[in-house]
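Colleague:
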Amino acid sequence: MDQMLLTTSRTSHLPLPSMLLPLTCQSLHQPISSPKLQLTQFPHQPSTCLTTPHDHPTSIQHTQQIHAHMIKTHFDNNHQNVPLTPFLSHLSPAAQYNFLITSYNKNNFPESSLQIYAHLRRIDFQVDNFTIPSVLKACGQCSWVVLGKEIHGFVLKNGLDGDVFVHNSLMQMYSECGSVVSARLVFDLMAERDSVSWSTMIRSYVRNRLLTEALEVVREMHIMHVKPSEVAMLSMVSLFSDLADTRTGKAMHGYVIRNSNYDRLRIPITTALIDMHAKCGNLSSAKRLFNGLPQKNVVSWTAMIAGCIRCNKLEEGTKLFNKMLEGRIFPNEITVFSLIIECGFVRALELGKWLHSYTLRNGFVMTLSLATALVDMYGKCGDTRSARSIFDGWDNKDVMIWSAMISAYAQANCTNEASDLFAQMVDRGVKPNQVTMVSLISLCAEVGALDLGKWIHLYINQQGVDVDLILKTSLVDMYAKCGDIDGSYRLFSEAKDRDICLWNAMITGFSMHGFGKEALELFEEMERLGVEPNDITFIGVFHACSHAGLVAEGKRLFDRMVGSYGLVPKIEHYGCMVDLLGRAGRLEEAHEFIKTMPMQPNTIIWGALLSACRLYKHPDLGEVAAKELLELEPQNCGYNILMSNIYAAANRWNDVAGVRKTMKDKGIKKQPGLSSIEVNGSVHDFVTGDRAHPQTGKIYEMLAEMTMKLKEAGYTPDTSVVLQNIDEEEKETSLNYHSEKLAMAFGLIHTAAGTPIRIVKNLRVCDDCHSATKLLSKIYGRVIVVRDRNRFHHFREGSCSCGDYW
DNA sequence: ATAGGGTTAG
Numbered sequence: 001m002d003q004m005l006l007t008t009s010r011t012s013h014l015p016l017p018s019m020l021l022p023l024t025c026q027s028l029h030q031p032i033s034s035p036k037l038q039l040t041q042f043p044h045q046p047s048t049c050l051t052t053p054h055d056h057p058t059s060i061q062h063t064q065q066i067h068a069h070m071i072k073t074h075f076d077n078n079h080q081n082v083p084l085t086p087f088l089s090h091l092s093p094a095a096q097y098n099f100l101i102t103s104y105n106k107n108n109f110p111e112s113s114l115q116i117y118a119h120l121r122r123i124d125f126q127v128d129n130f131t132i133p134s135v136l137k138a139c140g141q142c143s144w145v146v147l148g149k150e151i152h153g154f155v156l157k158n159g160l161d162g163d164v165f166v167h168n169s170l171m172q173m174y175s176e177c178g179s180v181v182s183a184r185l186v187f188d189l190m191a192e193r194d195s196v197s198w199s200t201m202i203r204s205y206v207r208n209r210l211l212t213e214a215l216e217v218v219r220e221m222h223i224m225h226v227k228p229s230e231v232a233m234l235s236m237v238s239l240f241s242d243l244a245d246t247r248t249g250k251a252m253h254g255y256v257i258r259n260s261n262y263d264r265l266r267i268p269i270t271t272a273l274i275d276m277h278a279k280c281g282n283l284s285s286a287k288r289l290f291n292g293l294p295q296k297n298v299v300s301w302t303a304m305i306a307g308c309i310r311c312n313k314l315e316e317g318t319k320l321f322n323k324m325l326e327g328r329i330f331p332n333e334i335t336v337f338s339l340i341i342e343c344g345f346v347r348a349l350e351l352g353k354w355l356h357s358y359t360l361r362n363g364f365v366m367t368l369s370l371a372t373a374l375v376d377m378y379g380k381c382g383d384t385r386s387a388r389s390i391f392d393g394w395d396n397k398d399v400m401i402w403s404a405m406i407s408a409y410a411q412a413n414c415t416n417e418a419s420d421l422f423a424q425m426v427d428r429g430v431k432p433n434q435v436t437m438v439s440l441i442s443l444c445a446e447v448g449a450l451d452l453g454k455w456i457h458l459y460i461n462q463q464g465v466d467v468d469l470i471l472k473t474s475l476v477d478m479y480a481k482c483g484d485i486d487g488s489y490r491l492f493s494e495a496k497d498r499d500i501c502l503w504n505a506m507i508t509g510f511s512m513h514g515f516g517k518e519a520l521e522l523f524e525e526m527e528r529l530g531v532e533p534n535d536i537t538f539i540g541v542f543h544a545c546s547h548a549g550l551v552a553e554g555k556r557l558f559d560r561m562v563g564s565y566g567l568v569p570k571i572e573h574y575g576c577m578v579d580l581l582g583r584a585g586r587l588e589e590a591h592e593f594i595k596t597m598p599m600q601p602n603t604i605i606w607g608a609l610l611s612a613c614r615l616y617k618h619p620d621l622g623e624v625a626a627k628e629l630l631e632l633e634p635q636n637c638g639y640n641i642l643m644s645n646i647y648a649a650a651n652r653w654n655d656v657a658g659v660r661k662t663m664k665d666k667g668i669k670k671q672p673g674l675s676s677i678e679v680n681g682s683v684h685d686f687v688t689g690d691r692a693h694p695q696t697g698k699i700y701e702m703l704a705e706m707t708m709k710l711k712e713a714g715y716t717p718d719t720s721v722v723l724q725n726i727d728e729e730e731k732e733t734s735l736n737y738h739s740e741k742l743a744m745a746f747g748l749i750h751t752a753a754g755t756p757i758r759i760v761k762n763l764r765v766c767d768d769c770h771s772a773t774k775l776l777s778k779i780y781g782r783v784i785v786v787r788d789r790n791r792f793h794h795f796r797e798g799s800c801s802c803g804d805y806w
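Note that the first sequence covers residues 1 to 806 in the UniProt record's numbering.
Right, dumping it as structure tokens:
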């Protein structure tokens, strides 16, 4: 039978009977465009009856045959023809159409369903409240929200909005299209709700990562005495497992115990709870449930072992794996798949390799999905070579494995490899999905590749790739991190639905660029709209206060974070406050603040104080901070150098020599400076004094020209920075050969006059490069955007957006 | 004839 189905389905692709014109805007009275709708010719096939007794009534073959038969017999005109099989004959014409639509939906041919709908509207057939839900489902499957909205209008106009099925399917459609606000609107306006309405609302919030809202609906549902069925309960638990935190996980557990009688689905529900607890980081609860299970099957073992690995209890996981084998329960493909994926999650390369060899030794068939899991794991562990060898060993590659390999390169910051692979993928006609796009876009953000990022954005728009909130957030983040804050804000302001991640991306983007005021205004707007900030929001907000020098505002917000929002400040938040006080020159106050912290200060805290001491030339307090830092991380060269700079600024040359000697004795090397610049879609890297680039000659000529022009403009090198250099030889490659200057020279050669130059650096910009770049921006009439480790500098006409304060 | 949902992947 399978063979039969297989051969038939090869010969008949997407059906499009000739009577159905392309579904266009005109046919529905308003402009609608869907790049997804691919129209094909109706295949030349005889419209005979069901050919085999094995054909399921809703198989795609059968569906197409019925469809073709209806066309051939002019079903539309007389509505009398007995269809192909007796079981449809008792149905009304409307029901027969609906049968076709649902069959196409079930076979994952939503485009065909929509063709039929368009046809019905064209011939003025009365579309009833039974058909609308099926059509909306097809819209959801295509993520075609424009058509969905049109149908919503049709529903209201034709008085079909008294039907709970219609409402539920409208909610589901909006949710599938990522428009959770519209789904909520439908939900709120419903006169009558059933249990499906409630679970649909919960699902749409969870899918759009809105945990708080989802939990609120669960609570409301509880108050209204609506109980989910066991199946709904099971699906709810597994839905929440990817999103919940420890507290929420425990609350969900309690909810299940109070509201489920555990009749039929005890083991599945418990297994889902085990999975949820482990993913929430609550391994002990997971273990308690697991141990309490009267019967354990391979699924429960898998969930438990995967949970151990996720919580980084590798030995415990391995022990349980062996215990499972002792109990003669054997892992299946999903078991090894899950465990390999979790190894990637915690970067457990050794265990991952072992599982790889286990599958080979135990006769597991290497499937595409298993290979994908391995590529993913090796990629996450940073072993791009192993990932690539698995990848290359596979012939019929699909989107998933492509995405996994691209993401492996992306995580290793191998921009050119990733973009090459993406090009190959497009060449071979494999359609990338949102996962592919997100990993490419976040790679561009990481390395600052604006051109490539823009190109991919263009591709997304042209190909009609669905832009969900995750992808939108990564785009907003990419534009911001690549220095194009305007592009970032444009996307953000166009977004209709905004979740907390999107708000965070924009707030962080503004503060990273020194637009403290804008960041704070955005935060206020968010509050006005009732969006609840989380701990990440406050990091962005505090940075904004720091950059704008708003000490009082920052302190007030710190109190509100605890008082109004009940958030527990993490060490990062305390670090922000130290930075805020320090940058404002309130060094003693910052020091006092550190003493009142409820936790042990770490390097972030002391580092913030040390930077402030350097800025305000306060060697005594600087010594205190540096001493703490060097105790925590004696090998860190940055702290040593900062300290030596502070001594130099205070003319304490003996102390400078002391730090230098310590560094030499301990063999502490300066972290090499690394800058990159993107030209014509390729990323070029430079280290300090780099001579490896193929165009080295030209670059150094340009550098000489730059130095000359700088001198003419009256620039003198900042000698205090030279003191950073430890070795004598390093003096040779001093100021002039800092990596950002090399990148700048390359940019001046290869970009058109007047266009901005964008550089990404791994360290902080040094004082000397900062003042040189200011002048260079004026000399060459260029906007120069430098992203350093902490923030952006926009150099323009001789000055910098940071106000020389970074 | 219509909407959602079935434990360990994506």
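No residue lacks a Cβ here, since even glycine has one placed at the ideal position from N, Cα and C.
The structure displayed is predicted, hence computed values, not measured ones.
#1: Residue 383 by DSSP, collapsed to three states: which one?
#2: Please give the ranges of any alpha helix (DSSP H) in the segment 598-649, keeping only runs that are unbroken, at least 4 residues long and fully inside the region.
#3: Locate the alpha helix (DSSP H) running through residue 757, then write down its first and last residues.
#4: According to DSSP, is residue 823 part of a helix, a strand, or is it coil?
#5: Assign residue 160 to one of three DSSP states: helix, strand, or coil.
#6: So what's residue 797 in DSSP terms, helix, strand or just coil?
#7: In its own chain, which residues sit with a C-beta less than 6 Å from the C-beta of residue 445, not counting the 5 before and 5 after it?
#8: Would DSSP call residue 789 helix, strand or coil?
#9: By the 10 Å Cβ neighbour count, where 16 or more other Cβ atoms means buried, how is residue 385 classified, buried or exposed?
#10: Which residue wins for smallest C-alpha separation from residue 673, given the options 653, 741, 631, 368?
#11: With 16 as the cutoff for other CB atoms within 10 Å, does residue 365 come out buried or exposed?
#12: Within the same chain, show all residues whose beta-carbon is closer than 7 Å to that of residue 760, passing over the 5 residues directly before and after it, in chain order.
#13: I need the boundaries of the alpha helix (DSSP H) containing residue 336, first residue and last residue.
#14: Within 10 Å of its beta-carbon, does residue 808 have 16 or more other beta-carbons around it, so buried, or fewer, so exposed?
#15: For residue 501, which of 196, 671, 471 has the nearest alpha-carbon?
#16: Among all the DSSP beta bridges, which residues are the ones paired with residue 591?
#17: What separation, rounded to the nearest whole angstrom, lies between the Cα atoms of residue 362 and residue 391?
#18: Looking only at DSSP bridge pairs, what is residue 676 linked to?
#19: Can you grab the Cα-Cα spacing for the pair residue 298 / residue 336, in whole Å?
#20: Considering only their Cβ atoms, is the gap separating residue 214 from residue 202 smaller than 9 Å?
#21: Comparing C-alpha positions only, which one of 375, 461, 182 sits nearest to residue 397?
#22: Which one of 440, 434, 427 has the shortest CA to CA distance from residue 416?
#23: With DSSP as the reference, identify every bridge partner of residue 784, one or two as the case may be.
#24: With contact counted as at least three CB pairs below 8 Å, one residue from each stretch, are the segment 696-716 and the segment 663-672 in contact?
#25: Once you ignore the five residues that flank residue 748 on each side, which residues in its own chain have a CB closer than 8 Å to its CB?
#26: Using the C-alpha atoms, what's the distance from residue 401 back to residue 798?
#27: Give the DSSP-derived three-state secondary structure of residue 746 in the structure shown.
#28: Thinking just about the alpha-carbon of each residue, which of 515, 404, 276 is nearest to the one in residue 238?
#29: Measuring CA to CA, which of 539, 739, 120, 590 is closest to residue 77?
#30: Which residues in the same chain as residue 512 place their Cβ atom closer than 7 Å to its Cβ, once the five residues preceding and following it in sequence are excluded?
#31: Do you know whose CA, among 251, 800, 796, 764, lies nearest residue 789's CA?
#32: How do the segment 422-435 and the segment 649-658 stand: do at least 3 beta-carbon pairs fall below 8 Å, yes or no?
#33: Whose C-beta lies closer than 7 Å to the C-beta of residue 355 among residues of the same chain, with five residues either side of it excluded?
#34: Could you give the DSSP three-state label for residue 705: helix, strand or coil?
#35: Taking residue 664 as part of the alpha helix (DSSP H), name the residues at either end of that continuous run.
#36: If you measure between the beta carbons of residue 256 and residue 221, is that distance less than 9 Å?
Modeller: Well, looking at it:
#1: coil
#2: 603-615, 619-632, 637-649
#3: Where residue 757 is concerned, there is no enclosing alpha helix (DSSP H), although the beta strand (DSSP E) it sits in stretches over 757-761.
#4: Residue 823 is absent from the model: the chain starts at 1 and stops at 806.
#5: coil
#6: Looking at residue 797 - three-state DSSP - the assignment turns out to be coil, as it is neither helix nor strand.
#7: Closer than 6 Å at the Cβ level, and outside the excluded window around residue 445, lie 477, 478, 481.
#8: coil
#9: Exposed: under 16 other Cβ atoms inside 10 Å.
#10: 741
#11: exposed
#12: 447, 448, 675, 676, 787
#13: 333-345
#14: The first residue shown for the chain is 1 and the last is 806, placing residue 808 beyond what the model contains.
#15: Out of 196, 671, 471, 471 has the C-alpha closest to the C-alpha of residue 501.
#16: Secondary-structure assignment with DSSP links residue 591 through no beta bridge to anything.
#17: 21 Å
#18: 685, 760
#19: Roughly 11 Å between the two C-alpha positions.
#20: Closer than 9 Å, so yes.
#21: Considering only alpha carbons, the answer is 375.
#22: Answer by Cα proximity: 440.
#23: 757, 795
#24: no
#25: 702, 706, 757, 780, 782
#26: 48 Å
#27: helix
#28: The shortest Cα separation from residue 238 among 515, 404, 276 belongs to 276.
#29: 120
#30: 480, 791, 792
#31: 764
#32: no
#33: 336, 339, 340, 343
#34: helix
#35: Per DSSP, the unbroken alpha helix (DSSP H) holding residue 664 starts and ends at 653-666.
#36: Result no, Cβ atoms of residue 256 and residue 221 do not sit closer than 9 Å.
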